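Undergrad: Next up is a structure, given as structure tokens.
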Amino acid sequence: AQSVTQLDSQVPVFEEAPVELRCNYSSSVSVYLFWYVQYPNQGLQLLLKYLSGSTLVKGINGFEAEFNKSQTSFHLRKPSVHISDTAEYFCAVSPSGGSYIPTFGRGTSLIVHP
Amino acid sequence: SAVISQKPSRDICQRGTSLTIQCQVDSQVTMMFWYRQQPGQSLTLIATANQGSEATYESGFVIDKFPISRPNLTFSTLTVSNMSPEDSSIYLCSVVVRVGGTEAFFGQGTRLTVV
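As they're listed, the protein sequences go chains A and B.
If you're matching positions, the first sequence starts at 1 in my numbering and goes up one per residue.
If you're matching positions, the second sequence starts at 1 in my numbering and goes up one per residue.
This is the structure we're talking about:
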């Protein structure tokens with residue numbers, strides 16, 4: 001079984017400032033890792049994913065995340081945020097074999113202030 | 001990739017009634033998933049819908065309350081039965097596509113309010 005911990009329920013930040021959204025996971029098997037974004041009144045959209053290879057993963061909208069196996073973390077970063085980045089962000093993990101059904105963290109609400 | 005159309009997008013229902021949510025995928029998929037997202041919380045998997053067999057429900061969810069149909073490889077419905085205000089949530093359908101890696105795709109969600 002897997003579990004995902006997003007320590008921050010809400011992250012306020014000013015526009016053009018850098019941001020990091022934290023995600024830690026636990027699993028007894030090898031996993032794939034994901035970040036999804038949910039804009040108001042919309043479904044979830046994939047930002048980026050780690051399957052294998054380079055531990056630094058780049059996604060859409062200028063986001064990137066780094067897989068750290070020793071710390072079982074997959075933190076999401078963006079060097080300069082925009083107002084339009086205001087949304088809910090979900091970290092997810094799925095087993096790399098078998099059902100692939102993802103387990104989601106509780107979500108982090110990113111609030112970008114002008 | 002997969003494009004998922006989900007409807008209705010929102011509804012306000014009286015307690016004791018039922019609502020059926022439809023999910024249409026633009027490609028054939030083996031498994032479809034139904035999630036519930038309660039206010040301010042993460043996604044909780046309700047059940048996995050397989051074509052040609054009964055849905056598999058997660059702990060805490062039962063078929064009488066959340067009956068699911070899966071008549072073919074591109075369509076599924078979730079019914080929320082005998083609703084109470086505690087059922088007010090966003091309901092999302094999802095598929096996992098494994099071509100070129102793996103990724104979950106989601107419908108836009110159905111925002112249900114029970115009064």
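Glycine is no exception: its CB is placed at the ideal position from the N, C-alpha and C atoms.
Since this is a predicted model, take the numbers as computed values, not measurements.
Please state whether the Cβ-Cβ distance between PHE106 (chain B) and VAL97 (chain B) is less than 8 Å.
TA: Result no, Cβ atoms of PHE106 (chain B) and VAL97 (chain B) do not sit closer than 8 Å.
Undergrad: How would you write the range of the beta strand (DSSP E) that MET32 (chain B) sits in, first residue to last?
TA: Segment 31-37, the beta strand (DSSP E) holding MET32 (chain B).
Undergrad: Within a Cβ cutoff of 6 Å, which residues of the same chain sit near LYS65 (chain B), ignoring the five residues on either side of it in sequence?
TA: So the list reads SER81, once near-sequence residues are dropped.
Undergrad: Does the ligand SAM have even one heavy atom less than 7 Å from the beta-carbon of GLN38 (chain A)?
TA: Only the bare structure without any ligand can be found here, which leaves the ligand SAM out of the picture.
Undergrad: At least one CB of chain A closer than 8 Å to the CB of GLN59 (chain B): is that the case?
TA: Looking at the sequence itself, residue 59 (chain B) is Ser, so the reference to Gln does not match. So, not an interface residue.
Undergrad: Within the same chain, show all residues whose beta-carbon is closer than 6 Å to that of PRO12 (chain A), passing over the 5 residues directly before and after it, in chain order.
TA: If we look at PRO12 (chain A) and ignore the five residues flanking it on each side, its Cβ neighbours are ILE111.
Undergrad: Please classify GLU20 (chain A): does DSSP put it in a helix, a strand, or coil?
TA: GLU20 (chain A): strand per DSSP, three-state reduction.
Undergrad: Pull up the DSSP beta-bridge partners for ASP11 (chain B), would you.
TA: B:LEU112.
Undergrad: Does DSSP classify PRO114 (chain A) as helix, strand or coil?
TA: PRO114 (chain A) falls in the coil class under three-state DSSP.
Undergrad: Mind listing which residues of the segment 19-32 of chain A have their C-beta closer than 7 Å to chain B's C-betas, in chain order?
TA: Those residues of the segment 19-32 of chain A that come within reach of chain B (Cβ to Cβ, closer than 7 Å) are TYR32.
Undergrad: Using 8 Å as the threshold, is the segment 52-71 of chain A in touch with the segment 21-40 of chain B, meaning 3 or more CB pairs across them?
TA: Result no; under three Cβ-Cβ pairs closer than 8 Å.
Undergrad: Return the residues of the segment 32-48 of chain A that lie within a Cβ-Cβ distance of less than 9 Å from chain B, sorted by chain order.
TA: From the segment 32-48 of chain A, only TYR32, PHE34, TYR36, GLN38, ASN41, GLN42, GLY43, LEU44, GLN45, LEU46 have a Cβ closer than 9 Å to chain B.
Undergrad: Taking Cβ positions only, does ILE101 (chain A) come closer than 8 Å to chain B?
TA: Yes, contact with chain B.
Undergrad: Under 8 Å between beta-carbons, which chain C residues line up against GLY105 (chain A)? List them in chain order, please.
TA: Here chain C cannot be found, since the structure's protein chains are A and B.
Undergrad: Let's see if you can read the secondary structure: which residues bound the beta strand (DSSP E) around PHE105 (chain B)?
TA: That run of the beta strand (DSSP E) goes 103-106.
Undergrad: Per DSSP, what kind of secondary structure is ASN82 (chain B) in: helix, strand or coil?
TA: Reduced to three states, the DSSP call for ASN82 (chain B) is coil.
Undergrad: Would DSSP call ASN68 (chain A) helix, strand or coil?
TA: Three-state result, ASN68 (chain A): strand.
Undergrad: With a cut-off of 8 Å on the beta carbons, I'd call VAL81 (chain A) and TYR25 (chain A) a contact; round off their distance for me.
TA: At roughly 24 Å, the Cβ-Cβ gap does not stay under 8 Å, so VAL81 (chain A) and TYR25 (chain A) are not in contact.
Undergrad: Please check the pair TYR89 (chain A) and VAL37 (chain A), which I expect to be a contact at CB under 8 Å, by giving their CB distance rounded to whole angstroms.
TA: Yes, they are in contact, since the Cβ atoms of TYR89 (chain A) and VAL37 (chain A) sit about 6 Å apart, within 8 Å.
Undergrad: Please state whether the Cβ-Cβ distance between LEU76 (chain A) and TYR50 (chain A) is less than 8 Å.
TA: No.
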